[in-house]
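Novice:
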Amino acid sequence: MFSKVKIGCCSTCFLVSLQYLEDKYPERPLLPQDLKMKALNLQIASIVCSGIQPLHNLTVLRFIEQKVGTGESLPWTQQQIDRGFTAAENLIKGCAGKYATGDEVQLADVFLAPQIFSAVTRFQVNMSNYPTLARLHDEYMKHPAFQAALPDRQPDAPSST
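Numbering (the UniProt record's numbering), first residue to last: 1 to 161.
What follows is the structure in structure tokens.
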């Protein structure tokens with residue numbers, strides 16, 4: 001998603017790209033000024049980009065299928081997502097507004113939106129244990145920017161025709 005950001009080189013590191021956007025467009029920051037809320041946004045982003053997403057990378061899933069057996073990657077992936085979602089849910093359940101850390105889209109939302117979408121659509125994660133994240137998913141699906149970022153709306157998405 002952020003690898004297309006024009007920063008003079010191609011960056012596949014989400015945090016690098018997001019920091020670039022933060023610096024390039026200071027009029028619409030993704031990180032709040034409040035230090036505690038900034039730390040919370042960074043913590044949620046870290047949970048997603050370090051603790052969940054890499055563990056369901058296609059290379060990892062293929063490795064699990066080869067080493068453990070066909071069909072074993074789905075329950076393993078669901079378990080990894082559960083660990084991360086439990087941590088994220090516990091962090092935000094008392095402070096979430098319309099979005100993860102308030103009433104404006106912030107860094108945590110940029111990381112959570114695609115992760116929750118993937119968990120629900122690709123990995124059939126039951127969101128009943130994560131009521132705050134489930135509600136956020138509904139909000140993200142209404143937001144034009146998140147709608148535009150859906151996988152099937154990307155220029156390189158496979159055609160269904």
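By construction, the Cβ of each residue, glycine as well, lies at the ideal position given by its N, Cα and C atoms.
(1) Verify whether the separation of the beta carbon atoms of F123 and L74 is less than 8 Å.
(2) Terminal residues of the continuous alpha helix (DSSP H) containing K24?
(3) To the nearest angstrom, report how far apart L112 and I44 are at their CA atoms.
(4) Mapping the DSSP letters down to three states, classify A149 as helix, strand or coil.
(5) Helix, strand or coil for Y130 per DSSP?
(6) Helix or strand or just coil, what does DSSP make of G84?
(7) What residues in its chain sit with their C-beta under 7 Å from that of E65, if we drop five residues either side in the sequence?
(8) Start and end of the alpha helix (DSSP H) containing P114?
(9) Can the beta-carbon of L40 be found closer than 8 Å to that of L30?
(10) For the alpha helix (DSSP H) containing E65, list its first residue and its last residue.
(11) Assign Q115 to one of two classes, buried (16 or more other C-beta atoms within 10 Å of its C-beta) or exposed (fewer than that).
Specialist: This is what the structure gives:
(1) Here residue 123 corresponds to residue number 123 of the sequence shown, with the count starting at 1. Here residue 74 corresponds to residue number 74 of the sequence shown, with the count starting at 1. Contact flag set, yes.
(2) For this step, residue 24 is matched to residue 24 along the sequence shown. From DSSP, the alpha helix (DSSP H) with K24 extends over 14 to 24.
(3) Taking the sequence shown and counting its residues from 1, one reaches residue 112 at position 112. Taking the sequence shown and counting its residues from 1, one reaches residue 44 at position 44. In a straight line, the C-alpha of L112 is about 8 Å away from that of I44.
(4) Sequence index remark: in the sequence shown, residue 149 carries index 149 (1-based). A149: coil per DSSP, three-state reduction.
(5) Your numbering for residue 130 matches position 130 in the sequence shown. Here Y130 carries a coil assignment [DSSP, helix/strand/coil].
(6) Your numbering for residue 84 matches position 84 in the sequence shown. Here G84 sits in helix by DSSP.
(7) Position 65 of the sequence shown, counting from 1, holds the residue named residue 65. Excluding sequence neighbours, E65 sits near E72, S73.
(8) By 1-based counting over the sequence shown, the position of residue 114 is 114. Note, P114: alpha helix (DSSP H), 107 to 121.
(9) As a working mapping, residue 40 is identified with position 40 in the sequence shown. As a working mapping, residue 30 is identified with position 30 in the sequence shown. No, Cβ-Cβ distance for L40 and L30 is not below 8 Å.
(10) The residue you call residue 65 lines up with position 65 of the sequence shown. It spans 58 to 67 - the alpha helix (DSSP H) in which E65 sits, taken as one unbroken run.
(11) Working through the sequence shown from its first residue, we reach residue 115 at position 115. Answer is buried; the Cβ neighbour count reaches 16.
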